[in-house]
Amino acid sequence: MTGMRRLFFSLALAAFFFAGCETNQQLRHFDKPTARIVDLKFQDVQLDYATLLFEIEVDNPYPADLPLVSLNYSLTSGGNTFLTAVAAHAAAIAPNSKELISLPDEVIYARLLKSLNCKPGSTIPYRTELQLWVDAPDLGQIKLPLRREGLLSLPEEVEVTVEGRIYNSLDVMFVPTPQDVVDKMLQLAKLKKDDLVYDLGCGDGRIPVTAARKYGCKAVGYDLDPERVKESLENVKKNKVEHLVTIEQKDIFTLDLSEADVVTLYLLPALNVKLIPQLEKLKPGSRILSHSFDMKGVKPDKVVRLTSSFDNIEHKIYLWTTPLKKIDNQ
């Protein structure tokens with residue numbers, strides 16, 4: 000009886016093994032998908048954003064759709080990695096076909112120019128390393144590593160006029176707020192000594208310095224540009240408010256804003272909107288103030304107009320109090 004059981008078990012194990020081998024042979028019948036980068040270029044340049052467009056040819060050998068999952072990429076020029084990102088893409092390559100697809104990703108153009116230290120309209124050598132993730136029917140999610148070297152033309156700068164002032168993609172993030180507008184913003188915030196102020200894109204540090212000097216409260220200024228950080232630190236030292244003001248070089252879109260009582264902004268509307276998920280984490284009753292630019296989809300509690308004695312231009316100041324009041328079709 001024991002011998003019969005052993006024989007039965009051996010036959011069953013052999014059947015399972017050969018069935019598995021046959022299945023694997025069927026899976027290996029199809030080649031793996033392949034891809035190559037055909038082109039890389041900029042398009043749809045706006046004041047604050049530009050679209051970086053990857054044109055990629057993907058070969059799907061399967062008799063089923065090949066879904067694209069995401070795109071991880073880095074861009075290097077002259078040994079300087081100036082851009083890295085992950086972009087999700089909901090698309091699919093038709094069965095047994097080769098398709099040229101366009102995969103866009105939005106980048107903040109002013110920051111890109113800063114990183115490259117190049118003029119708009121110039122042409123730079125580039126090297127890109129890219130991982131295209133696909134959901135293969137037989138293998139699950141796999142990555143297709145791609146590389147390309149070539150020349151990349153940077154877009155010309157775009158200009159717009161807002162409230163009598165011309166902004167372009169180079170200087171929009173560095174235009175200082177007139178001091179009397181700063182004073183009005185902090186007055187509208189109803190600052191108290193125990194408030195904590197975050198200034199996003201602090202420039203020369205005048206808002207954190209004014210908050211500390213005039214109201215005695217703590218303030219933190221954030222800026223990505225090392226020159227602006229240096230300028231802010233000099234301003235802090237000059238005004239002897241080092242015990243109250245901190246300046247940090249950070250990307251404002253990665254910050255945890257939840258500790259702030261007051262947040263001040265001088266960013267373009269699209270950037271304000273991008274900050275909404277972070278601003279929604281502020282404590283109830285926190286105040287957000289923006290110089291000149293609104294926040295689409297969010298109703299301000301107050302809009303104040305002020306003609307500055309520094310430039311004789313009328314400036315708008317927007318005030319929001321948390322929780323934010325969402326509106327449709329603004």
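The sequence shown begins at 0 in numbering that gives the first Met the number 0 and counts up by one.
Even glycine gets a Cβ: it sits at the ideal position worked out from N, Cα and C.
Minimum C-alpha distance to residue i - residue among the options
{"i": "residue 129", "options": "282, 52, 287, 241", "result": "52"}
{"i": "residue 34", "options": "280, 147, 276, 156", "result": "147"}
{"i": "residue 126", "options": "72, 197, 185", "result": "72"}
{"i": "residue 39", "options": "248, 149, 202, 253", "result": "149"}
{"i": "residue 319", "options": "279, 308, 305, 134", "result": "279"}
{"i": "residue 139", "options": "301, 77, 32", "result": "32"}
{"i": "residue 187", "options": "89, 252, 302", "result": "302"}
{"i": "residue 124", "options": "67, 241, 312, 152", "result": "152"}
{"i": "residue 271", "options": "234, 257, 235, 317", "result": "317"}
{"i": "residue 182", "options": "156, 214, 310, 84", "result": "214"}
{"i": "residue 85", "options": "131, 294, 285, 228", "result": "131"}
{"i": "residue 208", "options": "200, 229, 240, 184", "result": "240"}
{"i": "residue 76", "options": "95, 104, 48, 112", "result": "112"}
{"i": "residue 246", "options": "96, 198, 253", "result": "198"}
{"i": "residue 157", "options": "43, 294, 66", "result": "43"}
{"i": "residue 74", "options": "115, 235, 314, 226", "result": "115"}
{"i": "residue 310", "options": "62, 256, 174, 97", "result": "174"}
{"i": "residue 59", "options": "282, 122, 48, 100", "result": "100"}
{"i": "residue 253", "options": "263, 221, 242", "result": "221"}
{"i": "residue 144", "options": "267, 36, 276", "result": "36"}
{"i": "residue 308", "options": "262, 223, 180, 284", "result": "180"}
{"i": "residue 263", "options": "136, 30, 204, 119", "result": "204"}
Limits of the beta strand (DSSP E) - the one that residue i falls within
{"i": "residue 317", "result": "313-320"}
{"i": "residue 142", "result": "139-152"}
{"i": "residue 175", "result": "Element bounds for residue 175: n/a, residue is neither H nor E."}
{"i": "residue 262", "result": "261-264"}
{"i": "residue 307", "result": "That residue, residue 307, is in no beta strand (DSSP E); it is neither H nor E in DSSP."}
beta-carbon residue i near the ligand MN non-hydrogen atom, thresh 6 Å
{"i": "residue 299", "result": "Absence of the ligand MN from the depicted structure is noted, as is the absence of any ligand whatsoever, leaving it without description."}
Residues bridged to residue i (per DSSP)
{"i": "residue 222", "result": "248"}
{"i": "residue 290", "result": "316"}
{"i": "residue 70", "result": "86, 131"}
{"i": "residue 81", "result": "DSSP, once it has assigned bridges, lists no residue as partnering residue 81."}
{"i": "residue 243", "result": "DSSP lists no partner for residue 243."}
{"i": "residue 56", "result": "35, 99"}
{"i": "residue 198", "result": "220, 263"}
{"i": "residue 75", "result": "80, 126"}
Where residue i falls: helix, strand or coil (DSSP)
{"i": "residue 271", "result": "helix"}
{"i": "residue 34", "result": "strand"}
{"i": "residue 209", "result": "helix"}
{"i": "residue 50", "result": "strand"}
{"i": "residue 299", "result": "coil"}
{"i": "residue 283", "result": "coil"}
{"i": "residue 23", "result": "The pLDDT assigned to residue 23 is 40, lower than 50, so where the model puts this residue is not dependable; a value taken from the coordinates is nonetheless given after this. Residue 23: helix per DSSP, three-state reduction."}
{"i": "residue 191", "result": "coil"}
{"i": "residue 233", "result": "helix"}
{"i": "residue 278", "result": "helix"}
{"i": "residue 228", "result": "helix"}
{"i": "residue 323", "result": "coil"}
{"i": "residue 61", "result": "coil"}
{"i": "residue 157", "result": "coil"}
Span of the alpha helix (DSSP H) around residue i
{"i": "residue 182", "result": "178-187"}
Interface flag, residue i vs chain D, CB-CB below 7 Å
{"i": "residue 135", "result": "Among the protein chains of the structure shown there is no chain D, as only one such chain exists."}
Just list the alpha helix (DSSP H) runs in the stretch 83-129, keeping only unbroken ones of 4 residues or longer that don't cross its boundaries, in chain order.
-> 108-115
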